[in-house]
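Each residue of the sequence shown is one higher than the one before, counting from 0 in numbering that gives the first Met the number 0.
For each residue, glycine too, the CB sits at the ideal point set by N, CA and C.
Remember, it's a predicted structure, so these values are computed and weren't measured experimentally.
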Amino acid sequence: MTHALVRILKHLRQGPVPTGELAAATGLTQGELRSHLESLTQKGFDIAVHPLLGCEIRVSPESLVAEDIASRMKTHWLKDISTLAVTPSTNSLALEYGTRGERGPLAFFAEAQTAGRGRFGRVWESGEGEGLWMSLLLHLNEPIRFWPRITTLAALSVAKVIESIQTDPRLFPQIKWPNDILCGGKKVAGILAETGSHAQAGPFVVLGIGLNVNQKSFPPSLAHTASSLRVLCGSRVDRADLAGRLLEHLYQSLSKIETGFDSILASVKARSSVIGTTLSVNIGGEFVEGLAEDLDPDGCLRLRMENGTLRTLSAGEVTLRSPRVAVGAPAEDR
Ligand code: ATP
Ligand code: BTN
């Protein structure tokens, strides 16, 4: 990522600006500015240069550009952002970086994934230009015992970003414990957190997020369960803007992984689609049923079994079968 391009784009987003002013504001010579504007053109921007008004962004590229995403962010907390045309899986890529000792925080976005995956190696459909398929490589400072909270933090960030662009209360984003975000009962996003370690760089976590953005429809196997922001909002959504908002929200949430997590949990519970419902849960091939009563202080699910005992389940060990009977939950939670 070229930082001068980020600075230029930040200024241009505020409206037309004379080239001399832009060069001075970004600390560049006129010659350097010209060459950077040329790079932006090569990256897909259409930038007009008027003799009086100066430079103006006419069209931004459809595909994700790292500098464009960074220019939408207020907090520059990432060491780098990479945008790829295609990769098997951004999680696999971030794991590779972490395993060879690269230090985060790094963000990887791909236009398409050929082997996008969900929990337990399930296939994650990641069509070209249709979503945000992204992973963060993070070397968190907080003790490892807090790291399992990251899925909950990310789920809330995704829900809040969706809320910020989609305001129909009937489609209020819900969190289906542990890693899905639903709107109108359909899955719009999923989260996959994985960990690794390097002898010198230490342990790391890869936080993968798949957010369906501009799909108009889904393959028959997903048509009944999946949705996209475009389907929900009725129009195309700007992915670079969304990516910037998501990274900003993630930064805010991640700062609460140790202290402040109770406030996160309260918001997550308020958006839970499972609390108060009876669930059938698959734990290592064995199905058990219980009432999802609450989340524990780490975001694990407290399940009240038929015999009255309480079981605490962590995200890594279980899959849910559709909730059957809702107990004391509003109708849209079912
Ligand atoms: P659980 O309730 O146990 O979390 P799940 O079906 O949500 O079950 P996950 O592992 O969380 O399972 O998610 C992977 C599943 O998501 C896939 O098996 C597939 O059914 C579904 N899926 C794949 N690609 C997409 C997509 N782009 N959008 C929505 N859903 C998808
Ligand atoms: C799930 O619902 O089980 C989680 C889906 C996570 C998908 C994202 S897309 C970006 C990153 N790369 C992957 O291969 N998976 C995650």
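The stretch 79-97 touching the stretch 60-68, judged by at least three CB pairs closer than 8 Å: yes
Buried versus exposed call for residue 322 [16 or more other C-beta atoms within 10 Å across all chains shown]: On the sequence shown, position 323 is the one that residue 322 refers to. Below a pLDDT of 50, predicted positions are generally treated as unreliable, and residue 322, at 44, falls in that range; the measurement from the model is reported next regardless. Buried.
Sequence-distant residues of the same chain with beta carbon closer than 6 Å to residue 196, five excluded per side: Walking along the sequence shown from the start, residue 196 turns up at place 197. Only 202 meet the Cβ criterion.
Beta-carbon separation (whole angstroms), residue 235 vs residue 214, contact threshold 8 Å: Along the sequence shown, read from residue 1 onward, the residue named residue 235 stands at position 236. Along the sequence shown, read from residue 1 onward, the residue named residue 214 stands at position 215. Their Cβ separation, rounded to whole angstroms, is 11 Å, which puts residue 235 and residue 214 out of contact at 8 Å.
Start and end residues, beta strand (DSSP E) containing residue 175: Within the sequence shown, the letter at position 176 stands for residue 175. Taken as a continuous stretch (DSSP letters only), the beta strand (DSSP E) holding residue 175 covers 173-175.
CA-to-CA distance, residue 166 to residue 56, given in whole angstroms: Your numbering for residue 56 matches position 57 in the sequence shown. Your numbering for residue 166 matches position 167 in the sequence shown. Rounded to the nearest angstrom, the two C-alpha atoms are 28 Å apart.
Pairwise C-alpha distance: residue 135 and residue 198: Numbered from its first residue, the sequence shown carries residue 198 at position 199. Numbered from its first residue, the sequence shown carries residue 135 at position 136. Those two C-alpha atoms are separated by around 20 Å.
Contacts around residue 175, its chain only, beta-carbon distance under 7 Å, and the 5 residues preceding and following it disregarded: Counting from one through the sequence shown, the residue named residue 175 turns up at place 176. Same-chain partners within the cutoff: 181, 272, 273.
Selection from 50, 267, 248 that minimises the alpha carbon distance to residue 296: Here residue 296 refers to the residue found at position 297 when the sequence shown is read from its first residue. For the residues 50, 267, 248, the minimum Cα distance to residue 296 belongs to 267.
Residue 281 in three-state terms, based on DSSP: Within the sequence shown, residue 281 is the residue found at index 282, counting from 1. If DSSP states are grouped into helix, strand and coil, residue 281 belongs with the strands.
Reduced DSSP category for residue 90 - H, G, I as helix; E, B as strand; rest coil: Position 91 of the sequence shown, counted from the start, is the residue given in the question as residue 90. Looking at residue 90 - three-state DSSP - the assignment turns out to be helix.
Buried or exposed (CB count within 10 angstroms, at least 16 for buried), residue 208: One-based indexing of the sequence shown puts residue 208 at position 209. Buried is the call here.
Of the residues 276, 226, 185, 262, the one placed nearest residue 130, counting alpha carbons only: To locate residue 130, count along the sequence shown from 1; it is residue 131. Here the closest residue by C-alpha is 226.
Residue 73: first and last residue of the uninterrupted alpha helix (DSSP H) it sits in: Your numbering for residue 73 matches position 74 in the sequence shown. Counting along the chain, residue 73 falls outside any alpha helix (DSSP H), and DSSP gives it neither H nor E.
Residue 348 versus residue 50 - alpha carbon distance: As shown, the chain starts at 0 and ends at 333. That puts residue 348 outside it, with no answer to give.
Minimum C-alpha distance to residue 73 - residue among 257, 299, 200, 246: In the sequence shown, residue 73 corresponds to position 74, counting from 1. Nearest of 257, 299, 200, 246 to residue 73, Cα basis: 246.
For residue 252, the nearest candidate out of 126, 105, 123, 149 (CA to CA): For the purposes of this step, residue 252 is identified with residue 253 of the sequence shown, where counting begins at 1. That would be 149, whose Cα lies nearest to the Cα of residue 252.
Proximity test, residue 117 beta-carbon vs the ligand ATP heavy atom, cut-off 8 Å: Position 118 of the sequence shown holds residue 117. Correct: residue 117 has its Cβ closer than 8 Å to the ligand ATP.
Inter-residue Cα distance where the pair is residue 317 and residue 104: Here residue 317 refers to the residue found at position 318 when the sequence shown is read from its first residue. Here residue 104 refers to the residue found at position 105 when the sequence shown is read from its first residue. Taking the straight line joining both Cα atoms gives about 29 Å.
Beta-carbon gap between residue 190 and residue 239 smaller than 9 Å: Stepping through the sequence shown from its first residue, residue 190 is reached at position 191. Stepping through the sequence shown from its first residue, residue 239 is reached at position 240. Contact flag unset, no.
Straight-line gap, residue 156 to residue 192 (C-alpha atoms, nearest Å): By one-based count along the sequence shown, residue 156 stands at place 157. By one-based count along the sequence shown, residue 192 stands at place 193. Roughly 14 Å separates the two Cα atoms.
Per DSSP, the bridge partner or partners of residue 300: Residue numbering aside, residue 300 sits at position 301 when the sequence shown is read from its first letter. Paired residues: 294, 312.
Any non-hydrogen atom of the ligand BTN within 8 Å of residue 185 CB: As a first step, residue 185 must be located in the sequence shown, where it is residue number 186. Answer for residue 185: no, Cβ out of range of the ligand BTN.
Residue 231 versus 15, 184, 4, 259, residue with shortest Cα-Cα distance: Residue 231 sits at position 232 when you count from the first residue of the sequence shown. It is 184 whose Cα lies nearest to the Cα of residue 231.
Complete runs of the beta strand (DSSP E) confined to the stretch 107-188 [at least 3 residues]: 130-137, 173-175, 179-182
Classification of residue 262 by the beta-carbon crowding that lies within 10 angstroms, buried from 16 upward: As a working mapping, residue 262 is identified with position 263 in the sequence shown. Burial call: exposed.
Residue of 307, 109, 92 minimising C-alpha distance to residue 337: Residue coverage of the chain in this structure runs from 0 to 333, which leaves residue 337 outside it and unanswerable.
Distance CB(residue 278)-CB(residue 319) smaller than 9 Å: One-based indexing of the sequence shown puts residue 278 at position 279. One-based indexing of the sequence shown puts residue 319 at position 320. Yes.
Residues near residue 107 in its chain [Cβ-Cβ closer than 6 Å; skip 5 each side]: Here residue 107 refers to the residue found at position 108 of the sequence shown. Here the set comprises 81, 89, 92, 93, 134.
Closest Cα partner of residue 291 within the set 121, 217, 299: Counting from 1 along the sequence shown, the entry for residue 291 is found at position 292. It is 299 whose Cα lies nearest to the Cα of residue 291.
Length of the line joining the Cα atoms of residue 123 and residue 200: Mapped onto the sequence shown, residue 123 falls at position 124. Mapped onto the sequence shown, residue 200 falls at position 201. Near 30 Å, if we compare the C-alpha coordinates of residue 200 and residue 123.
Through-space distance from residue 25 to residue 6, alpha-carbon basis: On the sequence shown, residue 6 is found 7 positions in, with the first residue counted as 1. On the sequence shown, residue 25 is found 26 positions in, with the first residue counted as 1. Each residue's Cα considered, the two are about 6 Å apart.
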